[in-house]
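Residue numbers (my numbering): 0 to 255.
Below: the structure, in structure tokens.
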Ligand code: MG
């Protein structure tokens, strides 16, 4: 009798369990196209520039007339030569020029050329550079039929990463840089939480693809990690003996 009761109990339990397994839950509602679409906020409207010209939300750093957005390293007025819509490096005491404003992440456009018949070789021909946040150099050099160490040629992150290709134009022709830079984020101890990154197009050709920048640009020694905030754009006046290079059409867009 006792065994019979146990068997009946187990069977009853089995019936309850199988009844639970069969319980039906509501199915997800069928997806409609609108369920994965959202409308707000709408991106700001920007009027694009023509042929490398500045978009409507850009800050014009050099539009061909003056260097009011720039200064020398000591804060005095920039002393490079402005003529005919371009600015040309003045070698010697004039030194580098830097923007009076500081920037975080940005999109930067600039154009430059070396003169026809420029002399010199390797690093001694048309050397300049763009320093991002005042610390990280994207090299400018006349790399047209002019070999040098590859992590120092035009389009390199100087002394760090060579360009993917050599997309230089000849002396006398304008080159363009489009630089998309993501500023670093630092830990409290001053090391990078997120390293700075940069994408560079030289004459519309990709030469740096979201490249990690390992630290400051050093001529001698390894890159250093230095905690910093926003910084200026610096254009380099290099001490090489070649004829000076010229710039035009420099604009920047702040990125959030
Ligand atoms: Mg340089």
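No residue lacks a Cβ here, since even glycine has one placed at the ideal position from N, Cα and C.
None of these values were measured; they are calculated from a predicted model.
**Report entry** Endpoints, the beta strand (DSSP E) within which residue 111 is located
**Finding:** 105 to 112
Query raised in the report: For residue 156 versus residue 138, is the C-beta distance shorter than 9 Å?
Result: yes
Query raised in the report: So what does DSSP say about residue 127, is it helix, strand or coil?
Result: strand
Requested in this report: Express the C-alpha separation of residue 83 and residue 220 in angstroms, rounding to a whole number.
Outcome: 40 Å
Query raised in the report: With a CB to CB cut of under 7 Å and the five nearest residues on each side skipped, what residues in its chain are close to residue 114?
Result: 170, 171 and 242
**Report entry** Three-state secondary structure (DSSP) of residue 31
**Finding:** coil
**Report entry** Bridge partners - residue 80, DSSP secondary structure assignment
**Finding:** 87
Query raised in the report: How many whole angstroms separate the CB atoms of residue 234 and residue 96, which I take to be in contact at a CB cut-off of 8 Å?
Result: 5 Å
Requested in this report: Could you work out which residue in 102, 98 and 77 is closest to residue 90 when comparing CA atoms only?
Outcome: 77
Query - Straight-line Cα distance separating residue 27 from residue 199 - result: 46 Å
Query - Simplified DSSP assignment, three categories, for residue 280 - result: Nothing about residue 280 can be reported from this structure: the residues present for the chain run from 0 to 255 only.
Query - Beta-carbon proximity list for residue 105, same chain, < 7 Å, skipping 5 on both sides - result: 180, 251, 252, 253 and 254
**Report entry** Given residue 209 as reference, the closest of 178, 231, 191 and 100 once Cα atoms are compared
**Finding:** 178
Query - For residue 136, the three-state DSSP class (helix, strand or coil) - result: strand
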